[in-house]
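As structure tokens, the structure follows; a few thoughts come after it.
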Amino acid sequence: MTILKFWQLEFKAFFRAPQWEVAAIAKIFIGLMVLFMFMYLMALGPGIYYILKKMFPNHSTIDLINQGVFFLFLIECVARFFFQQPPSTHIQSWILLPIKKRTLLNNLLLRSLLSPYNFTPWLLYLPVAVVRVIEGTFWTTSGTWFIHLLCITLILNYLILLVNKSNRFFISILILTVLGVGLEFYTDFSLTKTFARGIEWLEQNPISLLVTSAILFLMYKLAYQYLRARFYLDLGLAKKPEKVRQLGFAFLGGYGRLGAFLKNDLRLLFRNTRPKQDLLVSFMFLFYGLLFFSMEMYNTNSIILVFASVMITGGFSFTYGQKVPSWDSEYYALLMTQNLTYREYLDSKWWLMVVFVMISLIVSTFYLFFGWNIFLYVVSGALYNMGIGCYINLYSGAYYHLPIKLNVKAGAFANSKAFSLTQLLFTIPKLGLPVLIFFMADFFMGESAGFLALSASGILGMVTKKYVLNHIAKIYSHRKYKTIEAFLKN
Amino acid sequence: MIQIEKLSKKYEDKEVLNIDQLTIQKGESFGLVGNNGAGKTTLFNLILDLIKPNEGQVINNSITVNKSEDWKKHTSAFIDENFLIGYLTPEEYFYFVGELRGVKKSQVDSWLLQFEGFFKGEVLGQKKYIRNLSKGNQKKIGLIAAFLGHPECVILDEPFANLDPSSQIRFKEIVKKHIENTTTTFLISSHDLNHITEVCNRIVLLEKGVVLKDLTTDSDTFAKLESYFKT
Numbered sequence: 001m002t003i004l005k006f007w008q009l010e011f012k013a014f015f016r017a018p019q020w021e022v023a024a025i026a027k028i029f030i031g032l033m034v035l036f037m038f039m040y041l042m043a044l045g046p047g048i049y050y051i052l053k054k055m056f057p058n059h060s061t062i063d064l065i066n067q068g069v070f071f072l073f074l075i076e077c078v079a080r081f082f083f084q085q086p087p088s089t090h091i092q093s094w095i096l097l098p099i100k101k102r103t104l105l106n107n108l109l110l111r112s113l114l115s116p117y118n119f120t121p122w123l124l125y126l127p128v129a130v131v132r133v134i135e136g137t138f139w140t141t142s143g144t145w146f147i148h149l150l151c152i153t154l155i156l157n158y159l160i161l162l163v164n165k166s167n168r169f170f171i172s173i174l175i176l177t178v179l180g181v182g183l184e185f186y187t188d189f190s191l192t193k194t195f196a197r198g199i200e201w202l203e204q205n206p207i208s209l210l211v212t213s214a215i216l217f218l219m220y221k222l223a224y225q226y227l228r229a230r231f232y233l234d235l236g237l238a239k240k241p242e243k244v245r246q247l248g249f250a251f252l253g254g255y256g257r258l259g260a261f262l263k264n265d266l267r268l269l270f271r272n273t274r275p276k277q278d279l280l281v282s283f284m285f286l287f288y289g290l291l292f293f294s295m296e297m298y299n300t301n302s303i304i305l306v307f308a309s310v311m312i313t314g315g316f317s318f319t320y321g322q323k324v325p326s327w328d329s330e331y332y333a334l335l336m337t338q339n340l341t342y343r344e345y346l347d348s349k350w351w352l353m354v355v356f357v358m359i360s361l362i363v364s365t366f367y368l369f370f371g372w373n374i375f376l377y378v379v380s381g382a383l384y385n386m387g388i389g390c391y392i393n394l395y396s397g398a399y400y401h402l403p404i405k406l407n408v409k410a411g412a413f414a415n416s417k418a419f420s421l422t423q424l425l426f427t428i429p430k431l432g433l434p435v436l437i438f439f440m441a442d443f444f445m446g447e448s449a450g451f452l453a454l455s456a457s458g459i460l461g462m463v464t465k466k467y468v469l470n471h472i473a474k475i476y477s478h479r480k481y482k483t484i485e486a487f488l489k490n
Numbered sequence: 491m492i493q494i495e496k497l498s499k500k501y502e503d504k505e506v507l508n509i510d511q512l513t514i515q516k517g518e519s520f521g522l523v524g525n526n527g528a529g530k531t532t533l534f535n536l537i538l539d540l541i542k543p544n545e546g547q548v549i550n551n552s553i554t555v556n557k558s559e560d561w562k563k564h565t566s567a568f569i570d571e572n573f574l575i576g577y578l579t580p581e582e583y584f585y586f587v588g589e590l591r592g593v594k595k596s597q598v599d600s601w602l603l604q605f606e607g608f609f610k611g612e613v614l615g616q617k618k619y620i621r622n623l624s625k626g627n628q629k630k631i632g633l634i635a636a637f638l639g640h641p642e643c644v645i646l647d648e649p650f651a652n653l654d655p656s657s658q659i660r661f662k663e664i665v666k667k668h669i670e671n672t673t674t675t676f677l678i679s680s681h682d683l684n685h686i687t688e689v690c691n692r693i694v695l696l697e698k699g700v701v702l703k704d705l706t707t708d709s710d711t712f713a714k715l716e717s718y719f720k721t
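Chains as they are written, first to last, in the working numbering: chain A, 1 to 490; chain B, 491 to 721.
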């Protein structure tokens with residue numbers, strides 16, 4: 001059993017995953033998307049380099065870049081802390097085979113290098129290093145710079161494994177950040193500048209590479225020993241015990257069947273890893289407006305404003321709604337044999353989304369800061385989301401068949417796995433329809449008419465809910481067997 | 491109660507189930523035996539309208555199962571762990587299923603009391619999610635939930651597998667008591683010939699998707715089945 005054999009299996013696991021069972025055209029499309037993203041990231045570094053050089057001709061460009069790198073590392077720490085998977089997940093099937101533990105563990109630790117976080121040096125820093133050489137920096141200096149950053153990234157990779165979700169680590173990072181910000185503002189000392197100067201010193205003294213790589217090696221050894229000591233079913237390989245979270249939705253008990261469903265959906269959202277990730281994403285959507293409302297280039301363009309407003313309150317309905325039957329994929333067979341109709345099922349999902357649109361609307365009152373006019377965009381966008389946006393998301397959900405493992409974190413490309421031409425086509429009405437409705441009214445009768453049209457379309461949608469949901473329910477029941485079959489594959 | 495007419499299920503070109511005519515009477519306890527791949531779960535999935543037949547139909551209480559959903563009101567089932575909701579506590583799960591079958595929370599609580607012996611204090615009041623319970627305890631939850639709300643027809647796939655011996659015996663008692671005291675129709679599949687002949691008054695033997703034997707249980711049934719499986 002060699003390392004090579006492991007990688008062969010790794011390869012098979014990757015290409016035999018259910019998400020690859022999509023049409024060839026979709027595979028090509030995903031490939032192109034990934035390639036495009038890589039190219040974009042690779043162009044980012046040099047782009048920033050030249051922009052900085054132009055904007056601050058009197059300042060050392062690499063010093064500015066190094067200061068930025070400091071923030072990247074901070075973000076990386078937080079992202080890794082929350083989202084990086086511990087590598088020990090599918091080791092169990094190997095333990096009893098005649099393979100040395102050493103081989104298993106080394107393989108495990110090497111495999112963890114494949115995490116997308118470890119690609120950042122290659123995609124972001126390497127192009128910058130190349131540009132520096134082109135711009136006249138001696139290649140050994142630039143090379144030393146790159147290898148240092150690479151080493152630090154990999155050190156973080158193993159460090160996160162060692163701290164293993166300890167809250168103390170997270171709090172230290174938090175304190176460090178607060179302290180850094182404090183020092184930056186109130187004293188002459190600057191953490192970022194010190195860091196940048198430190199990196200510069202390191203690249204001036206290539207001998208320091210020995211120290212950095214020694215630290216990396218030490219981290220690897222520590223991680224190895226850490227895993228080695230916990231290589232038992234009841235230690236490192238055991239699942240962590242969970243505490244039951246009572247969420248106080250008992251009041252929903254008074255609302256009959258609808259209440260029972262809503263209660264269940266709320267439990268689903270707050271007790272499972274995957275939906276929690278999506279909740280975080282939909283929370284970010286709330287701040288979409290800051291990007292557009294504050295820039296003069298955008299905040300006079302009504303089409304962009306409609307687009308942004310719909311996003312602000314629609315975040316949850318977008319991320320949650322389009323995966324509607326999949327959230328229940330783990331126990332779909334149960335629901336299909338219980339005394340409930342698709343109509344009821346969809347109704348409860350709709351209510352859930354509406355509640356979240358309303359909560360988002362309440363939170364987004366801070367957009368009043370940008371004036372009443374902007375807030376009117378947000379309100380009419382919210383009404384549109386409740387009355388029409390939610391339906392389109394539920395509609396597209398009928399064609400979303402990827403089972404979701406609720407308590408497993410989404411991988412880096414988890415959402416691209418669900419890619420299909422149908423889902424792509426659905427984004428056209430999802431983003432285009434509100435803009436179109438607004439634009440038509442706005443074009444003929446002015447902005448106020450636009451608000452009215454958008455709000456009216458939403459209200460009309462809510463009034464005709466019964467009819468619309470019945471129609472969507474028909475599609476769901478038409479696709480019932482296909483959905484069950486896909487969900488049982490997990 | 492359940493009528494099966496010219497039912498056929500194919501995967502690609504391979505026919506995995508073909509039953510021309512089978513009627514299960516109300517109040518009957520119907521046992522299904524057969525080796526792996528005989529089509530037991532396929533038959534249950536067809537009765538529950540979880541898969542689509544290539545031909546034929548299943549009629550449950552004069553309702554064609556793939557035409558109307560009304561059969562769900564009087565039918566319940568536990569096939570496998572896909573019938574459990576992992577992120578709920580056992581209590582929450584029972585309340586949820588109860589709500590769907592029109593049983594109130596307080597009624598569920600008092601109804602659950604009779605199963606305390608079966609649960610052995612390892613299921614209720616544990617403050618654990620179902621996904622963190624052992625396989626055996628998970629199974630107990632699914633099995634008992636299938637009895638909630640007095641369904642007229644209960645379908646159980648391999649109810650004895652994964653249960654420890656004393657739980658198997660206890661569960662057998664629960665089913666037998668139900669058969670004696672109610673008119674519930676039971677459809678049970680099992681690999682355990684002992685248990686199934688003890689519980690069911692009719693046993694159907696499937697082989698490669700076809701009904702090979704249809705026996706009314708008597709003192710010879712066990713021997714007959716055993717002689718089939720020996721060869």
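The C-beta atom is built at its ideal place from N, Cα and C for all residues, glycine as well.
Listed along the chain, the chain A residues whose CB falls inside 8 Å of the CB of LYS562 (chain B) are THR337, GLN338, ASN339 and LEU340.
Around the Cβ of PHE217 (chain A), a 10 Å sphere holds fewer than 16 other Cβ atoms; the residue is exposed. For ILE99 (chain A), there are no neighbours in chain B by C-beta distance under 8 Å, as the nearest C-beta there is about 28 Å away. For PHE292 (chain A), the three-state secondary structure derived from DSSP is helix. With its beta carbon at least 8 Å from every one in chain A, ALA651 (chain B) lies outside the interface. Those residues of the region 260-289 of chain A placed with their C-beta closer than 7 Å to a C-beta in chain B are ALA260, ASN264, ARG267, LEU268, ARG271 and ASN272, ordered along the chain. A residue is called buried once 16 or more other Cβ atoms fall within 10 Å of its Cβ, and TYR377 (chain A) is buried on that count. With a 10 Å radius around the Cβ and a threshold of 16 neighbouring Cβ atoms, THR61 (chain A) comes out buried. Judged by DSSP secondary structure, GLY588 (chain B) falls within the alpha helix (DSSP H) whose first and last residues are 580-590. For PHE586 (chain B), the closest Cβ of chain A is nearer than 8 Å. Here ILE459 (chain A) has LEU383 and GLY387 as same chain residues with Cβ atoms under 8 Å from its own Cβ, once five neighbours each way along the sequence are excluded. Residues of the region 534-545 of chain B with a C-beta atom less than 8 Å from some C-beta of chain A are LEU538, ASP539, LEU540, ILE541 and LYS542, listed in chain order. Identification of chain B residues near ALA333 (chain A) by a Cβ-Cβ cut-off of 9 Å yields ASN535, LEU538, LEU540, ALA567, ILE569, ASP570, ASN572 and PHE573, ordered along the chain.
The secondary-structure analysis by DSSP pairs ARG692 (chain B) across a beta bridge with B:PHE520 and B:THR706.
Rounded to whole angstroms, the separation of the alpha carbons of LYS474 (chain A) and VAL468 (chain A) is 10 Å. Linking GLU184 (chain A) to SER190 (chain A) through their CA atoms gives a straight-line distance of about 5 Å.
Secondary structure at LYS405 (chain A): coil, using DSSP grouped into helix, strand and coil.
Counting C-beta atoms within 10 angstroms of its own C-beta, GLN511 (chain B) has fewer than 16 neighbours from the protein chains shown and is therefore classed as exposed. With a threshold of 8 Å between beta carbons, LEU677 (chain B) makes no contact with chain A. TYR117 (chain A) has a beta carbon lying at 8 Å or more from every beta carbon in chain B.
Contact between PHE426 (chain A) and SER448 (chain A) fails: their C-beta atoms lie close to 30 Å from each other, not under 8 Å. The three-state secondary structure of GLY256 (chain A), taken from DSSP, is helix. Closest option to ARG271 (chain A), judged by alpha-carbon separation, among B:ILE494, B:GLY588 and B:TYR619: B:TYR619. The C-beta separation of TYR125 (chain A) from GLY68 (chain A) comes to about 11 Å, leaving the pair out of contact by the 8 Å criterion.
Two segments are said to touch when three or more pairs of C-beta atoms, one from each, lie closer than 8 Å; by this definition the region 566-576 of chain B does not touch the region 601-617 of chain B.
The beta carbon of LYS504 (chain B) does not come within 8 Å of any beta carbon belonging to chain A, so the residue lies off that interface.
Neighbours of LEU512 (chain B) in chain A, taken as residues whose beta carbon is under 9 Å from its own, are absent, since the nearest beta carbon is some 20 Å off. Taking 8 Å as the cut-off, the beta carbon of THR313 (chain A) is found no closer than this to the beta carbon of ASN393 (chain A). Interface criterion not met: the Cβ of ARG479 (chain A) is under 8 Å from no Cβ in chain B.
Interface annotation for the region 621-650 of chain B against chain A: ARG621 and ASN622, criterion Cβ-Cβ distance under 8 Å. Here THR427 (chain A) carries a helix assignment [DSSP, helix/strand/coil]. From the listed residues A:TRP145, A:HIS401 and A:LEU268, the smallest Cα separation to LYS349 (chain A) is found for A:LEU268. Using a Cβ-Cβ distance cut-off of 8 Å, the region 352-360 of chain A and the region 574-593 of chain B are not in contact, since fewer than three pairs of beta carbons, one from each stretch, lie closer than that value. From the beta-carbon of ARG257 (chain A), the residues of chain B found nearer than 8 Å are GLU589 and LEU590. Contact check between the region 274-289 of chain A and the region 598-606 of chain B: fewer than three CB pairs, one atom from each, fall below 8 Å, which does not count as touching.
The Cβ-Cβ distance between THR707 (chain B) and LYS516 (chain B) does not fall below 8 Å.
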